Each structure stands twice: as structure tokens, then as C-alpha cells.
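Numbered according to my numbering, the first sequence spans residues 7 to 277.
Quick reminder that beta carbons are idealized off the backbone N, C-alpha and C, glycines included.
This structure is a prediction, so every number in the text was calculated from the model and none was measured.
Everything below concerns the one structure shown next.
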Amino acid sequence: MSTSAKRACDACHRRKVKCDGGLPCRNCSQASLGCTFNTVPQKKGPKGSRAKVISELREAQRQTQLALKLNERWPIPPSQVLTPGLLTPEIVKGCMDFFFKHMYPNMPIPRREYLEQSLGSLETDGEAYCLVAAFCAFTIIQPGVNVLGEAAGKAAEPSAYPAAGSGAALLEEALRVRRTFDYIDNPSQVTVTTSFFVFGCYFGLEKHNIAWFYLREATTLAQILGMEDENTYAAIDAGESLVRRRLFWLLFVTERSEALASPWLHLAIYR
DNA sequence: TTATTCGGAAATTAAAAACA
DNA sequence: GTTTTTAATTTCCGAATAAT
């Protein structure tokens, strides 16, 4: 590794090139530039308290404790509660590919990373399971969607499980598993998102009364979470807070314009 | 082909924390 | 007090792009 100049001249610094430290330096001479050292270097090193890492660790531990407590209060659904062969990795993959390609621009929730992460814990995390099921149901229920066909670049093949690939079956599964834990008393952003997808499913199935019921449920859960309160955004990281904000406005817009919701939803649905 | 730009890895530096 | 850890800042490599 070559030795660094004790200080690069203003031009070399700006150009991000190695300065030989001469007066003028070789780069400045070649470029016919005045070789100056006018900029005052900033003070290096940390400023203020360095307790940031400790705070981060504390927060991480707090979140873990919280998750453990929630699990105590929401018994993890035993795997036999989940219908085997219904929410297959192929279905989830196909739905994610379709959703993030065609629908995400108009409905930028949830985060793809969250869904991908959830795949590893579907059997132990009831909330995640319900969200993924509702998400897939919503995607499949859109008219003209052939999730497996698009994912494989060919026509969908009949699955071993008769209801696999059926949006209605996945919707029913999400709602059934959801009833096994108390999501109303302990809502989270995931709960709200799930209710929103359930609303979208019923809307797609043309069951408008039930759809509005779940939209109201999503809004009420959002209210319980204080999503309208700007202070609740400060404590979470930027990516999470962005999705939270989007979700809030999605609910706000959808609820405030029930009459407009129909064309809006279908706008989101068709590309 | 040569010159220029610039993202970002590596090096440098200094403040805070840990240790003796 | 000295040493270690951490974070802010600088340097400049090298890939991408523009100019010739």
C-alpha cells in the first residue's frame, strides 16, 4: 500500500486523486491549476457522547424481551393448526414476484424483505403466517392473475393440494389461524397490514360489505397503534417508518374515498 | 486511446470508554 | 495515568464515463 500524502491539496481533494504534496503538486501542474491548501480540515473523531452503541444494544434487547412477552400472550399456533400444503413456497414466491412487479408501485406495502424474512418463521410466528397468507390471497384474487404461471413462465399446473393456489382458500386460512390468537388487544403494524389485505381480498371477491368491515378494522387497529401520531415514528428506523407512513396514508385515502376506492384499487391491480 | 469523475474502501485521527 | 474502542473524516484506488 502506497503512503498517503499528509495532506492533499484543494484540487486533488476535490478530484479524489492522489496528491504528491508538492508545491505545486504534479496533478495541479499537469492541469494548469493553482495548487492551494485553503480548505480548513474538519476535526476528526467522534463528537459528543459515544453511548450510541449501548443505546442500540439496549433497544435490541428491549425488542427481544417484548417479542418474548408477546409470544407468551399470543401462544404460537401449533403447526397442526396450519393447513399443510396450502401456503407453499412456490405460491409465496409467485405472489411476491407478481405483486412487486405489477402492484407494488401503486400499493407500496409491505416490505419485500419482511416477507422474505417471514418465510423462515411461518410455523412459529402466527402473525407472519397470517400476513403472508392474506398477502398471497390478495394477489391471487386479482382478476386475471395466474401467479404460478407467471412465476414459471408457463401455465399453472394443478397442485397436489386441491385448494393450493386458490385465493379464497388462503384467505380463509389467514382468518382461521388469526382467530387462534388475540390480535385485537395486541395489534402491530403487521396486524394492520393483514387486515388491509383481507379488505382487499373481499373487495376483489366483490363482497363489499365484508370488505368495508375489514377496512374499518384496519383503521381501528391503526388508531390503537397511534399511527396518526407523528411521535410514534421517531423511535423506529427509517425504512420501517416509511412503510408505516405509507400504510397510514393508504388507509386514510381508501377510507376517505370509499366511492373512489373501487377505481383506485383496480388501478393498483392492473399493472 | 486518454482524461475525468466519483463511489466507496482503507487509512488516519481524535474523542470516549475501559482498564491498571 | 495508558490503552483500547469507536466514529468522524480524509485520502485516493479503480471502475465508469466522457472527451478526443
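Which of helix, strand or coil DSSP assigns to residue i
i: Gly-100; result: helix
i: Tyr-189; result: coil
i: Glu-236; result: coil
i: Asn-44; result: coil
i: Thr-260; result: helix
i: Met-113; result: coil
i: Cys-142; result: helix
i: Gln-123; result: helix
i: Leu-137; result: helix
i: Cys-34; result: helix
i: Lys-24; result: coil
i: Arg-250; result: helix
i: Pro-52; result: coil
Other residues of its chain near residue i: CB distance less than 6 Å, five sequence neighbours each side excluded
i: Cys-18; result: Cys-25, Asn-33
i: Thr-200; result: Cys-136, Leu-137, Ala-140
i: Phe-105; result: Thr-145
i: Met-233; result: Phe-254
i: Glu-179; result: Thr-89, Leu-92, Ala-139
i: Phe-203; result: Ala-140, Phe-141, Phe-144
i: Thr-238; result: Gly-232
Boundaries (first-last residue) of the alpha helix (DSSP H) holding residue i
i: Leu-39; result: Note, Leu-39: premise wrong, no alpha helix (DSSP H); not H, not E.
i: Val-279; result: Here the chain has residues from 7 to 277 only, and residue 279 is not among them.
i: Asp-16; result: 16 to 21
i: Thr-200; result: 195 to 210
i: Glu-129; result: No alpha helix (DSSP H) contains Glu-129, which DSSP labels as neither H nor E.
i: His-214; result: 214 to 230
Beta-carbon contacts of residue i that lie in its chain and below 7 Å, excluding the five residues immediately before and after
i: Ala-169; result: With a pLDDT of 41 at Ala-169, under the threshold of 50, the predicted position of this residue should be treated as unreliable, and no value is reported.
i: Val-23; result: Asn-33
i: Val-259; result: none
i: Ile-230; result: Pro-193
i: Val-98; result: Leu-125, Val-138, Cys-142
Same chain, Cβ closer than 8 Å to residue i, five either side skipped, listed in chain order
i: Arg-252; result: Pro-114, Ile-115
i: Leu-128; result: Leu-88, Leu-93, Ala-134, Tyr-135, Val-138
i: Glu-261; result: Leu-221, Arg-222, Thr-225
i: Ala-37; result: Ala-17
Sufficient close CB pairs (3 or more, under 8 Å) joining the region 220 to 229 to the region 179 to 198: yes
Three or more C-beta pairs below 8 Å linking the region 205 to 212 and the region 237 to 251: no
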